[in-house]
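Here's the structure we're looking at; comments come further down.
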Amino acid sequence: MLNHIAQRVAMSVPVLFGVLLFGFLLLQLVPADPAAIVAGPTASPELVEQIRKDLGLDRPVIVQFGIYLARVLQGDLGVSLISNTSVVAELGEAIGPTAELMFACLVWAVPLGIALGTIAAVYRGRLLDRIVIAISVAGVSTPVFFIGLILMQYIGYHWGLLPFIGRGGPLWSLEGLAAIALPALTLGLVFVGPIARMTRTAALEVLSADHVRTARAKGLSERAVVLRHVLRNALIPVVTLIGLQAGYLLGGAVVTETIYSWPGVGRLAVGAILASDFPLAQGAILILALAFLVINLIVDMLYAVLDPRVEKHG
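Under the working numbering, the first residue of the sequence shown is numbered 296, with each subsequent residue one higher.
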């Protein structure tokens, strides 16, 4: 297992370097001048030019990237151009709320998607199967911002059942649970459909396998056959799908955090890009990329646990 993890971590290094390079070059294309932002609208051209030199923006792009890469390796992501505070400190305050939102989304969406997919496979061709397929298609086809606005409009504003602006407190408090309910529901609803569809497809393949027929011939109940012999094998492609969907989930978290004013990394990234706060935007992009790599590493570990052949063959 350790060798398997080490291989995956080694493979993540060039990916992370590519993210750093791409994020750095992408922000170079933004027409805004960081020196002018720091100096303010009434600053003289001489002062702007001096700040540009102090920030190293007068050097070639390749030199600027080398300096940026060296600082990142030392854990220094720079200082925000707007708030003049450390980027690491601002990201540190935003990571917790984003992690809470992702956890609150996955903790109900993944079990529900697996349960719906299993029910659809067991009752293939019947009414329950058609209902699950309809829910899955609706979930996949509906944009996350549309779901968020509908839930906010009715559950939050008209009916006043749940708060829909900001974070009420830690996840383990009643105020925190109430505040995270709508964002987690919004993000999870677009995640249930793909999991249910993949679980249904995988479970249908396993239900017709020889070892399942053998288990039935031994007299096991249908529930025991499904839980012991179908789900374990059907979960392998589902776990892979969850890893592949991680990027989409992070993108959905950016939209969800913006809609609900959730103080996470996604909302911080959007605000930094709109304000041309380059150090903060680069730091947020780096954190989101790291989160994607960590999620995929966890998925690889789960994949190796579910199917030992993966660890054996690398």
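For glycine and all other residues, C-beta sits at the position ideal for the given N, C-alpha and C.
These figures come from a predicted structure and were not determined experimentally.
Cα atoms of ALA334 and ILE582: separation of roughly 28 Å, rounded to the nearest angstrom. If you draw a straight line from the Cα of VAL487 to the Cα of ASN528, it is about 19 Å long. Per DSSP, SER431 is one residue of the alpha helix (DSSP H) stretching across 422 to 436.
The way I'd put it, the segment 411 to 428 doesn't touch the segment 449 to 466; fewer than three beta-carbon pairs between them come closer than 8 Å.
Contact between the segment 481 to 501 and the segment 546 to 553 is present, with at least three C-beta pairs closer than 8 Å. With a 10 Å radius around the Cβ and a threshold of 16 neighbouring Cβ atoms, ASP349 comes out exposed. CA-CA distance, SER375 to VAL435, rounds to 37 Å. Take LEU545, set aside five residues on each side of it, and the residues of its chain with a beta-carbon closer than 7 Å to its own are LEU583, ALA586, PHE587, in chain order. CA-to-CA, the gap between LEU372 and ALA365 works out to about 10 Å.
By DSSP's assignment, SER381 forms a beta bridge with VAL374. Rounded to whole angstroms, the separation of the alpha carbons of PRO558 and VAL565 is 11 Å.
A residue is called buried when at least 16 other Cβ atoms come within 10 angstroms of its Cβ; ARG518 does not meet this threshold and is exposed. Only residues of its own chain outside the window of five on either side were considered, and among them ILE450 have a CB closer than 7 Å to the CB of LEU456, listed in chain order.
Boundaries of the alpha helix (DSSP H) harbouring ARG511: 505 to 512, taken from the DSSP string. Selection LEU320, VAL533, MET397 evaluated against ILE475 yields MET397 as nearest (Cα-Cα). Of the residues assessed, GLN323 falls on the exposed side of the cut-off, its CB having fewer than 16 other CB atoms within 10 angstroms. Here VAL405 is near ILE537, since their CB atoms are less than 9 Å apart.
Between the segment 509 to 523 and the segment 569 to 583, the count of Cβ pairs shorter than 8 Å is below three; the stretches do not touch. By the neighbour-count criterion, in which 16 or more other beta carbons inside 10 Å mark a residue as buried, GLN577 falls on the buried side. Distances from the alpha-carbon of THR535 to those of ASP595, VAL356, LEU386 put ASP595 closest. The beta carbon of GLN540 sits closer than 7 Å to the beta carbons of PHE486, PRO489 from its chain, once the five residues preceding and following it are set aside; these are given in chain order. DSSP places PRO489 in the helix class (H, G or I) of the three-state scheme.
Contiguous beta strand (DSSP E) elements confined to the segment 385 to 417 do not occur, taking only those with 3 or more residues.
Between the alpha carbons of LEU411 and ARG495 lies a gap of roughly 8 Å. The beta carbon of VAL367 sits closer than 8 Å to the beta carbons of LEU315, LEU581 from its chain, once the five residues preceding and following it are set aside; these are given in chain order.
The straight-line gap separating the alpha-carbon atoms of ALA305 and THR509 is approximately 42 Å. In the three-state DSSP reduction, GLN345 falls in the helix class (H, G or I).
Contact annotation: ALA330 and ARG303 have beta-carbon atoms that are not nearer than 9 Å.
The beta carbons of GLU385 and LEU563 sit about 7 Å from each other, so the pair counts as a contact at 8 Å.
Between VAL521 and ALA498, the C-beta spacing is below 9 Å. GLY351 and ILE390 have their C-alpha atoms spaced approximately 29 Å apart.
PRO438 has its alpha-carbon roughly 19 Å from the corresponding atom of ALA399. Contact check for ILE377 against ALA567 passes: the beta carbons are separated by less than 9 Å.
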